[in-house]
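Under the working numbering, the final residue of the sequence shown carries the number 107; numbering is consecutive throughout. Below: the structure, in structure tokens.
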Amino acid sequence: MPSANLCFRMQAGGRAFPLRLPTYTAQELDAHIAGDHPKCQFCGTHFYEREQWEMHMMANHPYCELCDADFRNAEEFTEHLRLVV
Ligand SMILES: [Zn+2]
Ligand SMILES: [Zn+2]
Ligand SMILES: [Zn+2]
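Following this line, the structure appears as structure tokens:
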């Protein structure tokens, strides 16, 4: 019997009742999360909506306004500034 999976990110979002959520096979769930939810390119963490992703990026990954680029961590950002400035 194929296992049915709920998109737990949507449950975490709290916008829908669990019984109303679509269920997915493992493959469908992967595709759904990859296609419908923003992902942090550095940690691979998925977020329910873009707002949460932006907050994660602001809190965890430095952003260079000059280059419009994100960096994995403070070390990489410092190294970047050293090279550019
Ligand atoms: Zn989802
Ligand atoms: Zn991240
Ligand atoms: Zn830069």
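Where is the CB? At the ideal position from N, CA and C, for every residue including glycine. All values derive from a computational prediction rather than experimental measurement.
Query: Along the chain, where does the alpha helix (DSSP H) containing residue 142 start, and where does it finish?; Result: What is shown of the chain runs 23 to 107, which leaves residue 142 out entirely.
Query: Would you kindly work out how many angstroms separate the C-alpha atoms of residue 97 and residue 50, rounded to a whole number?; Result: 37 Å
Query: Given residue 64, which residues of its chain have a CB within under 6 Å of its CB, disregarding the five upstream and five downstream residues?; Result: 83, 94
Query: So residue 51 is in the alpha helix (DSSP H); what residue range does that whole segment cover?; Result: 48-58
Query: Can you name the residues that DSSP bridges to residue 91?; Result: 86
Query: Is it the case that the Cβ atoms of residue 58 and residue 79 are separated by a distance below 8 Å?; Result: no
Query: Per DSSP, residue 68 forms a beta bridge with which residues?; Result: 61
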